[in-house]
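Only one structure is covered here, and it is reproduced in the block below.
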Amino acid sequence: MITVFGLNSGLYARVSTSNQEDQGTIESQISEIQERIRLDGNFINQENIYVDDGWTGEVLQRPGLDKMRDAVREGRFDVLYVYDRGRLSRVFAYQEIIIEEINNKGIKFVTLKDVEATTPEGKVMQAMQGVFHEYERVKIAERFRRGKLYKANHGILINGQAPYGYTYIPKTSSTVAKIVINDEEAEVVKMIYKWVGIEQISLREVRKKLFEMEILPKRAKQKIWTSGPLCRLLRNETYVTGFVYYNKLEAIVARNPKNKGIYKKVKRTSRRVRPREEWIPFEVPKIIEDEWLFQKVQSVLTNNLKFASKNRKHDYLLSGLVYCACGAKRIGDGCNSNNGHHYYRCAQRIYKYPLESKCRVPGVNAVLLDGMLWSELKGFLSDPVALKTQAIRWVEANKHKADGLGSEAASIESKIEGIRIEEMRFAKAYGSGSLDFEQFSLLAGELKQKRVSFQAKLKEINTGIKTDRVLNGDEISRLCTYAKEVLAELGIEDKKRLVHDIIEKVIINDSGEVSVFGNLPEFSQKVGYVTESRDSWVAKRREVDAF
33 MITVFGLNSG
43 LYARVSTSNQ
53 EDQGTIESQI
63 SEIQERIRLD
73 GNFINQENIY
83 VDDGWTGEVL
93 QRPGLDKMRD
103 AVREGRFDVL
113 YVYDRGRLSR
123 VFAYQEIIIE
133 EINNKGIKFV
143 TLKDVEATTP
153 EGKVMQAMQG
163 VFHEYERVKI
173 AERFRRGKLY
183 KANHGILING
193 QAPYGYTYIP
203 KTSSTVAKIV
213 INDEEAEVVK
223 MIYKWVGIEQ
233 ISLREVRKKL
243 FEMEILPKRA
253 KQKIWTSGPL
263 CRLLRNETYV
273 TGFVYYNKLE
283 AIVARNPKNK
293 GIYKKVKRTS
303 RRVRPREEWI
313 PFEVPKIIED
323 EWLFQKVQSV
333 LTNNLKFASK
343 NRKHDYLLSG
353 LVYCACGAKR
363 IGDGCNSNNG
373 HHYYRCAQRI
383 YKYPLESKCR
393 VPGVNAVLLD
403 GMLWSELKGF
413 LSDPVALKTQ
423 AIRWVEANKH
433 KADGLGSEAA
443 SIESKIEGIR
453 IEEMRFAKAY
463 GSGSLDFEQF
473 SLLAGELKQK
483 RVSFQAKLKE
493 INTGIKTDRV
503 LNGDEISRLC
513 TYAKEVLAEL
523 GIEDKKRLVH
533 DIIEKVIIND
543 SGEVSVFGNL
553 PEFSQKVGYV
563 TESRDSWVAK
573 RREVDAF
């Protein structure tokens with residue numbers, strides 16, 4: 033039998049990508065901490081190493097930190113090692129919250145570069161060092177900002193990313209940095225402006241021409257021009273004014289982030305245009321000499337946006353649910369919507385244009401497919417036999433679940449109590465001045481969202497526990513009547529919500545057969561189509577209850 037001496041240790045390491053020169057690599061941090069653990073006579077298991085590589089210390093929500101805090105709550109180790117307090121967070125209040133969590137669980141906290149907090153004086157000194165970690169972050173950021181502004185205001189080019197048509201020349205020992213015309217790319221810019229402004233060629237056709245000529249964007253992730261970079265090129269004033277700008281944008285916290293995930297490596301993920309008087313101009317050679325051509329292109333783009341067929345919105349009932357036989361999603365496409373035609377087309381064929389698509393399955397008429405599927409679904413949802421079957425299954429299922437729900441309810445009640453304790457701790461920290469109002473509001477708001485969510489879940493569970501009854505014939509009859517009335521009065525948004533609750537996936541195969549997969553066991557439907565042309569599909573001869 034092997035006897036292991038020493039304390040079971042945990043390790044947390046973090047480094048932000050932009051400061052690796054000062055903080056060292058994540059590997060060097062881990063190596064130094066592991067050596068300290070060895071010298072202390074302790075041991076560490078691989079599962080107790082928690083890492084956030086490339087994450088700013090300004091945000092509290094980090095995957096590695098969250099796992100470490102969960103491990104603290106569960107008591108998975110006896111001592112936690114960090115390089116310094118600043119690895120936990122660059123915000124002093126956040127440091128104190130995390131360290132308090134560690135201490136409350138009786139876990140020893142060891143920091144390699146800060147004063148040991150084994151005495152009251154040591155705790156005060158370590159807390160002061162924590163304040164300096166936050167001050168250091170602000171000082172470094174401000175020093176970089178002021179330094180760049182000073183250089184820019186004295187004519188030193190800061191931005192090393194030149195627009196398409198230009199090349200950035202870095203500074204040397206004898207020359208300053210500058211932006212010059214890239215002759216090959218500049219000819220492409222002129223050609224694109226001529227196509228759009230004079231020849232009135234559509235952007236789709238421009239993309240096709242560039243692909244055929246094997247002309248790639250400057251920083252191409254794929255071998256085609258997409259609409260975004262092309263529109264930015266056509267709206268870039270630099271080509272006609274001869275000026276690029278520093279300090280034009282500022283980083284801000286996104287109000288409505290596209291990525292709804294909890295973890296973000298940086299806090300300010302969005303950009304906002306600063307007031308024009310704050311822009312710092314740098315003169316560069318013009319590529320478009322004719323200002324009339326630039327204005328003509330802007331007029332074309334404005335009209336495209338105003339009259340584009342895609343802006344004539346169509347409510348696709350099955351949006352996000354339809355898949356192609358090739359495995360890709362199908363998306364709503366109304367390119368022929370002047371005639372009232374809307375289709376579910378393979379996304380691969382649309383987004384990879386002008387690249388040749390591997391998919392050869394044509395589009396499916398969205399109005400017909402939506403109408404046929406809604407007709408089938410409505411008939412099933414108001415069918416007395418189906419409703420009775422599903423209602424009985426629901427009652428029986430909830431009877432069997434009731435026993436298990438009791439333990440789940442107890443677990444959620446425990447979590448709610450834990451959140452209340454954490455809310456009290458944050459309130460105490462705010463009252464003592466450790467948290468400012470903005471920090472307190474942010475943390476309290478997050479906890480409130482969690483608590484409300486758990487309370488709603490608990491209410492749902494308690495309702496399920498009480499379900500222990502049998503439906504009679506009159507109740508089934510009333511349920512059918514009510515279902516028909518509700519389905520008849522549903523608007524498009526309610527229909528979409530209902531469809532998305534029931535249907536998981538709609539697959540269209542090569543022959544036009546539509547398979548529907550959903551959450552109702554008895555609802556297994558296949559809808560047939562007959563191909564009449566490449567872009568037009570009609571249903572089999574039958575009445576279509578179009579929604």
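For the record, in the sequence shown the residue sitting at position 455 is 487 according to the numbering used here, with numbers rising by one throughout. Glycine residues also receive a C-beta, built at the ideal position from the N, C-alpha and C atoms.
Item                                                                                                                          : Value
Pair within 8 Å by beta-carbon distance, Ala-515 and Leu-413                                                                  : yes
Spatially closest choice to Gly-96 from Val-393, Glu-79, Asp-110 and Asn-268, by CA coordinates                               : Glu-79
Nearest neighbour of Gly-403, chosen from Arg-101, Met-456, Glu-449 and Leu-349 [CA to CA]                                    : Leu-349
8 Å Cβ cutoff met for Leu-401 and Phe-314                                                                                     : no
For Arg-587, the nearest candidate out of Glu-517, Asp-215, Ala-209 and Gly-197 (CA to CA)                                    : Past the boundaries of the shown model lies residue 587; the chain is included only from 33 to 579, so the question cannot be answered.
With 16 other Cβ atoms within 10 Å as the buried cut-off, status of Glu-471                                                   : As written in the sequence, residue 471 is Gln, which differs from the Glu given in the question. Gln-471 is buried by the Cβ-count criterion.
Between the CA atoms of Val-329 and Trp-311 - distance to the nearest angstrom                                                : 25 Å
Per-residue DSSP class, three states only, for Lys-210                                                                        : strand
Euclidean distance between Cα positions of Gln-232 and Ser-48                                                                 : 48 Å
Rounded straight-line distance, which links the Cα of Ser-407 to that of Arg-510                                              : 22 Å
Asp-110 vs Lys-140 beta-carbon contact at 8 Å                                                                                 : yes
Cβ neighbours of Gln-61 in the same chain (closer than 7 Å, five flanking residues each side left out)                        : Ala-45, Val-47 and Tyr-115
Simplified DSSP assignment, three categories, for Arg-251                                                                     : coil
Selected residue, minimal CA-CA separation from Val-272, among Glu-517, Phe-326 and Val-238                                   : Phe-326
Three-way DSSP call (helix, strand, coil) for Glu-53 in this model                                                            : With a pLDDT of only 43 at Glu-53, under 50, the local geometry of the prediction cannot be trusted, and the value read off the model is given with reservation. In this structure, Glu-53 counts as helix in the three-state DSSP scheme.
Spatial neighbours of Leu-475 in its chain, beta-carbon cut-off 6 Å, leaving aside the 5 residues before and after            : Phe-458
Beta-carbon contacts of Ser-568 that lie in its chain and below 8 Å, excluding the five residues immediately before and after : Reliability of the predicted coordinates at Ser-568 is poor, the pLDDT of 34 falling under 50, and the value obtained from them is presented with this limitation in mind. If we look at Ser-568 and ignore the five residues flanking it on each side, its Cβ neighbours are His-373 and Asn-397.
Ile-540 and Ala-357 closer than 8 Å at C-beta                                                                                 : yes
In chain order, each alpha helix (DSSP H) run of at least 4 residues that lies wholly inside the stretch 76-135               : 95-106 and 117-120
Contacting residues, own chain, Cβ-Cβ under 8 Å from His-532 (five flanking each side not counted)                            : Gly-352 and Leu-353
Straight-line gap, Ile-451 to Ala-218 (C-alpha atoms, nearest Å)                                                              : 59 Å
Cβ shell of Glu-323 (< 7 Å), same chain only, five flanking positions each side left out                                      : Val-272
CA nearest to the CA of Ala-159, picked from Gly-179, Glu-246 and Glu-132                                                     : Glu-132
For Ser-48, three-class secondary structure by DSSP                                                                           : coil
CB contact flag (Gly-550, Ile-534, <8 Å)                                                                                      : yes
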